[in-house]
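*Asks:* Here the sequence shown stands for residues 1 to 556, where the numbers follow full-length UniProt numbering. Cβ coordinates follow ideal geometry from the N, Cα and C atoms, glycine included. My questions will all concern the structure given below.
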Amino acid sequence: MTSFKQSVIYQIYPRSFADSNSDGVGDLRGIISRLDYLADLGVDILWLSPIFQSPNADNGYDISDYESIMPEFGTMADFDELLAGAHQRGLKLILDLVVNHSSDEHRWFQESRTSRDNPYRDYYIWKPARSGGPPNNWQSFFSGPAWKLDEQTGEYYLHLFAEKQPDLNWENPVLRQEIYRMMRFWLDKGVDGFRMDVIPLLSKDQSFPDYPEGRYGDLTTYANGPRIHEFLQEMHREVLAHYPDVITVGEGFGVSVEQVNLYVGKDRHELNMIYHFDHAVPRDEYRFMDPAPEFTLPELKAVFAKWVDALADIGWQNVYFGNHDNPRVLSRFGDPVNFPYESATMLATVLLTQRGTPGIYQGDEIGMTNCPFDLIGEYDDIQVKNAWRALVASDADPAKEAQFLQTANRIARDHARTPMQWSDAPNAGFTDGPETWLKVNPNYTHINVKEQEAATNSVLKFYRNLLRWRRQTPAMHEGTYRDLLPGHPTIWAYERALYGETFVVLANFSEEPSVIDASVDVVISNYPMPGEPGELRAFEARILKGQLEQLMPDSD
Ligand code: GLC
Ligand code: CA
Numbered sequence: 001m002t003s004f005k006q007s008v009i010y011q012i013y014p015r016s017f018a019d020s021n022s023d024g025v026g027d028l029r030g031i032i033s034r035l036d037y038l039a040d041l042g043v044d045i046l047w048l049s050p051i052f053q054s055p056n057a058d059n060g061y062d063i064s065d066y067e068s069i070m071p072e073f074g075t076m077a078d079f080d081e082l083l084a085g086a087h088q089r090g091l092k093l094i095l096d097l098v099v100n101h102s103s104d105e106h107r108w109f110q111e112s113r114t115s116r117d118n119p120y121r122d123y124y125i126w127k128p129a130r131s132g133g134p135p136n137n138w139q140s141f142f143s144g145p146a147w148k149l150d151e152q153t154g155e156y157y158l159h160l161f162a163e164k165q166p167d168l169n170w171e172n173p174v175l176r177q178e179i180y181r182m183m184r185f186w187l188d189k190g191v192d193g194f195r196m197d198v199i200p201l202l203s204k205d206q207s208f209p210d211y212p213e214g215r216y217g218d219l220t221t222y223a224n225g226p227r228i229h230e231f232l233q234e235m236h237r238e239v240l241a242h243y244p245d246v247i248t249v250g251e252g253f254g255v256s257v258e259q260v261n262l263y264v265g266k267d268r269h270e271l272n273m274i275y276h277f278d279h280a281v282p283r284d285e286y287r288f289m290d291p292a293p294e295f296t297l298p299e300l301k302a303v304f305a306k307w308v309d310a311l312a313d314i315g316w317q318n319v320y321f322g323n324h325d326n327p328r329v330l331s332r333f334g335d336p337v338n339f340p341y342e343s344a345t346m347l348a349t350v351l352l353t354q355r356g357t358p359g360i361y362q363g364d365e366i367g368m369t370n371c372p373f374d375l376i377g378e379y380d381d382i383q384v385k386n387a388w389r390a391l392v393a394s395d396a397d398p399a400k401e402a403q404f405l406q407t408a409n410r411i412a413r414d415h416a417r418t419p420m421q422w423s424d425a426p427n428a429g430f431t432d433g434p435e436t437w438l439k440v441n442p443n444y445t446h447i448n449v450k451e452q453e454a455a456t457n458s459v460l461k462f463y464r465n466l467l468r469w470r471r472q473t474p475a476m477h478e479g480t481y482r483d484l485l486p487g488h489p490t491i492w493a494y495e496r497a498l499y500g501e502t503f504v505v506l507a508n509f510s511e512e513p514s515v516i517d518a519s520v521d522v523v524i525s526n527y528p529m530p531g532e533p534g535e536l537r538a539f540e541a542r543i544l545k546g547q548l549e550q551l552m553p554d555s556d
C-alpha cells in the first residue's frame with residue numbers, strides 16, 4: 001500500500017471543478033464524471049475543499065451543518081457514490097475539517113447567541129465589552145476587528161475570519177466531543193482522512209491579551225496556542241488512532257520551523273504532515289493590501305531547504321506551489337505568455353521532486369494562469385471584498401481603485417478559483433449552462449484539458465509521465481535533499497538520494513540560458529531534444545541520474 005510519504009495529493013475546489021446540472025456551480029456529480037481523468041493523471045489522494053452545508057460567506061469554509069452535503073453540490077447519496085468511485089480506482093479521498101470556526105448559521109451558534117446561560121453558550125467565545133468597545137485589539141484576517149457585538153445578549157463573540165465565521169471554543173470539552181463524533185461519522189463512511197483548516201488556531205491564549213500594534217495582523221500571533229498539542233493528542237486518542245491508515249494534513253497557518261515537529265514528529269501522535277506558508281505570496285502582514293516584493297529564487301530555495309532541515313527524519317510535510325488561497329503559480333514564477341509549456345513543466349518538475357508529499361492544485365496540471373479581472377465587482381472572495389470595503393471607508397481617493405485592482409490582479413485568491421478549463425467549448429466545458437459562479441479565464445480557448453489530451457507534448461502529459469516515474473522512484477519519496485547551488489540567481493539545482501541511488505534536478509527559473517556542467521544521463525526533460533551539453537535553455541528542467549562530479553555554474 002502506498003504510504004502517505006509516497007503519495008501525491010490533488011486538491012479539488014468543488015465549486016469550480018465540474019458542473020453536472022448546468023447551474024454554473026461545480027458539484028459532486030461533476031467530480032464523479034471526472035474520476036477517470038484523475039486516476040489517469042496518476043495522483044493518489046483527492047482532497048476536497050468543503051462540501052458541507054454552508055451559506056458560503058467564505059465558500060464553504062463557514063459550515064452550518066457538518067454532517068450534510070451542501071445542496072448546491074448534491075446529496076449524501078452522490079457523496080457515497082463519489083467515495084466508492086474513488087476507491088474503485090485506487091484513489092483515496094480526504095475531506096476538509098474546518099473546526100476552528102463554524103458558520104453563524106450553525107444550529108450551535110443560533111442557540112449560543114440566544115442567552116448567556118444557553119447550554120450552547122460555551123461552544124463559542126463570548127466576552128463583555130471593554131470600556132464600551134471590543135474586548136481586546138485582535139484583528140480579523142478578513143479586515144477589521146475580530147470581535148462582533150451581538151445585540152441580543154450585549155456581548156462580543158470572537159471571529160478570527162469573517163463575522164459569519166464565529167470561532168468555536170475548544171476549551172469546552174463538550175464541544176470537543178461533538179467534533180470527534182462528527183469526525184468518526186465521516187471516517188466510518190470510509191473517508192480516508194482530513195485536511196485540517198487553520199488547525200494551529202484552535203487553542204487561544206485564555207488571558208486574551210492585547211497584542212502590540214504591528215503584531216496583531218500577523219498570522220503567527222494567534223497560532224500555536226497553549227493547549228494546541230493537548231487538543232490534537234486528544235483528537236488522535238479519541239478518533240484518529242482508531243483508523244489505522246488515516247491521512248491527516250494540517251494547514252500550518254502560523255507554524256514555524258521551530259514548532260513544526262511538535263505537530264508532525266513521529267512520536268507525537270498528532271498529524272501525519274503539515275504545510276507551511278513561508279513561500280506564500282509575501283505580505284508584510286496577512287492583511288490583503290500589504291503585498292511585499294516577490295521572492296527571489298535564492299530566497300525561495302532557502303525556504304525549501306530550511307523546512308527539509310527542520311523536519312529531518314522527525315516529521316513530514318506536504319509541499320505545494322498552489323492552492324485555493326494563492327494566485328496561480330505559473331503566473332508567479334513562470335512565464336505564461338512566452339514560455340507557458342516550458343515554465344509550467346519546469347514548475348511541475350520542481351514540485352514533484354521535492355522531499356515531502358506534493359500537492360497539485362486543480363488546473364495547475366494544464367498550466368492554468370491568473371485571470372484578468374477587470375473590475376473589483378468581478379471578484380467573489382470575501383477577502384477581496386472586505387479589504388476593498390475597508391479601504392473605501394478609510395480613504396475615498398479614487399486613485400486607490402486602480403492600485404487596489406492591480407494588487408488584486410497579482411495576489412487575490414480568486415485566480416485559483418476560476419472554473420476548471422476542460423475544453424474550448426463555451427465556459428470552458430465546465431458547465432453546459434449559460435453562466436458560471438465566477439468568471440472563466442478567457443484563455444480557456446487554448447489552455448484546456450481536451451487540447452492537451454490531443455497534443456503530443458502538453459503540460460498534462462508531462463505531469464502524467466512525471467507522476468508515473470515518481471511513483472516508481474523511491475529516491476523521490478524519502479530520499480535526502482541537498483541544494484547544490486543555493487546562491488544561484490536563476491537555477492534551482494538539487495540532489496535527491498536514497499540507498500546509493502542519486503538524482504540531480506536542474507531547473508531554470510528564467511528565460512536566460514545558463515551553463516551547468518551536467519553530463520550525466522538525462523532521465524526526464526521538458527525539452528524534446530538535448531541542447532548544447534550543459535546548457536539549460538529558457539525554463540528548461542532536467543532530472544539526471546547519477547552524481548554530478550562538479551557543478552560549474554556560469555555565475556554564483
Ligand atoms: C483556511 C482556508 C481558507 C479559509 C480560512 C478560513 O486558510 O484555506 O480558504 O478562508 O482558512 O476558514
Ligand atoms: Ca451544479
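(1) Using 8 Å as the cut-off, can you tell me whether the stretch 356-366 makes contact with the stretch 456-475, which would need three or more C-beta pairs spanning the two stretches below that distance?
(2) Can you tell me whether GLY429 is helix, strand or coil according to DSSP?
(3) Using DSSP with H/G/I as helix, E/B as strand and the rest coil, what is PRO291?
(4) Just verifying my parser: in three-state terms, what is the DSSP assignment at LEU97?
(5) Quick check on the DSSP output: what are the complete alpha helix (DSSP H) runs of length 4 or more inside the stretch 292-373, in order along the chain?
(6) What would DSSP say about GLY30, mapped onto helix, strand or coil?
(7) Under a three-way DSSP split, which group does SER103 fall into?
(8) Bridge partners for ILE376 per DSSP, in chain order?
(9) From what residue to what residue does the alpha helix (DSSP H) around SER394 run?
(10) Could you please go through the chain and list the residues whose beta-carbon is closer than 5 Å to any non-hydrogen atom of ligand 1?
(11) With GLU511 and ASP335 assumed to form a contact (beta carbons below 8 Å), what rounded beta-carbon distance in angstroms separates them?
(12) Is any heavy atom in ligand 2 found nearer than 7 Å to the beta carbon of GLY85?
(13) Closest by CA to ALA312, which one among LEU93, LEU48, ILE12, LYS266?
(14) Anyone know if the C-beta pair for ALA18 and ILE31 falls short of 8 Å?
(15) Among residues of its own chain, excluding the 5 on either side of TYR361, which ones have a beta-carbon nearer than 6 Å to its beta-carbon?
(16) Less than 8 Å between the C-beta atoms of ARG181 and ASP96, yes or no?
(17) Indicate whether the contact test is met: 3 or more Cβ pairs, each with one atom in the stretch 336-354 and one in the stretch 224-234, closer than 8 Å.
(18) Tell me which residues pass a beta-carbon proximity test against ligand 2: closer than 5 Å to any heavy atom, given in chain order.
(19) Cutting at 7 Å between CB atoms, please list the residues of its own chain near VAL98, excluding the five before and the five after it.
(20) Return the chain-ordered list of same chain residues with a C-beta closer than 7 Å to the C-beta of LEU300, the five sequence neighbours on each side being excluded.
(21) Can you look up PRO145 in the DSSP assignment and give me helix, strand or coil?
(22) For SER310, which option in VAL257, ILE524, PRO55 has the closest C-alpha, if you only look at C-alpha atoms?
(23) Should the stretch 247-255 be regarded as contacting the stretch 267-274, the criterion being three or more beta carbon pairs within less than 8 Å?
(24) Contact between the stretch 97-111 and the stretch 147-165: three or more CB pairs below 8 Å?
(25) Counting only the same chain and skipping the five closest in sequence on each side, list residues whose C-beta sits under 6 Å from that of SER555.
(26) Would you list the residues sitting across from ASP167 in a DSSP beta bridge?
(27) What residue does the beta strand (DSSP E) around ARG542 start on, and which one ends it?
(28) Please state whether DSSP places PHE4 in a helix, a strand or coil.
(29) Could you pull the start and end residues of the alpha helix (DSSP H) that GLU401 belongs to?
(30) Who are VAL522's beta bridge partners in DSSP?
(31) When DSSP labels each residue in this structure, what does LYS127 get in the three-state scheme?
(32) Measuring straight from C-alpha to C-alpha, what distance separates ALA77 and GLN472?
(33) Please state if the CB of ARG537 and the CB of LEU506 are separated by a distance shorter than 8 Å.
(34) LEU232 to ALA146, Cα distance in whole Å?
(35) Give me the residue from HIS242, GLN317, GLN354 with the minimum Cα distance to PHE277.
(36) Taking 6 Å as the limit between beta carbons, can you name the residues of its chain near LEU352, skipping five residues before and five after?
*Replies:* Walking through what the data contain:
(1) yes
(2) Assigned with DSSP and collapsed to three states, GLY429 falls in helix.
(3) strand
(4) Residue state, collapsed to three classes: strand.
(5) Listed in chain order, the complete alpha helix (DSSP H) runs (minimum 4 residues) inside the stretch 292-373 are 297-311, 329-333, 340-351.
(6) helix
(7) Three-state DSSP puts SER103 in coil, outside helix and strand.
(8) None, per the DSSP bridge assignment.
(9) 382-394
(10) ASP58, TYR61, PHE161, ASP197, VAL198, ASP325
(11) The pair is a contact, with the Cβ atoms about 6 Å apart (cut-off 8 Å).
(12) no
(13) LYS266
(14) Yes.
(15) Cβ neighbours of TYR361 beyond the five flanking positions: GLN11, GLY322, ASN323.
(16) Contact flag unset, no.
(17) no
(18) ASP19, ASN21, ASP23, VAL25, ASP27
(19) Take VAL98, set aside five residues on each side of it, and the residues of its chain with a beta-carbon closer than 7 Å to its own are PRO50, TYR61, ILE63, ASP197, in chain order.
(20) Excluding positions up to five away in sequence, the list reads HIS279.
(21) Strand, per DSSP.
(22) The displayed chain sequence assigns Ala, not Ser, to residue 310. Minimum Cα distance to ALA310 is reached at VAL257.
(23) yes
(24) yes
(25) Reliability fails at SER555, whose pLDDT of 44 lies under 50, so the model's placement of it is uncertain and the value that follows must be treated cautiously. If we look at SER555 and ignore the five residues flanking it on each side, it has no Cβ neighbours.
(26) HIS101
(27) Run containing ARG542: 541-545, per the beta strand (DSSP E) assignment.
(28) coil
(29) 399-411
(30) Answer is LEU544, bridged to VAL522.
(31) strand
(32) 36 Å
(33) no
(34) 24 Å
(35) If we check each option's Cα against that of PHE277, GLN317 comes out closest.
(36) PRO358, LEU466, ARG470
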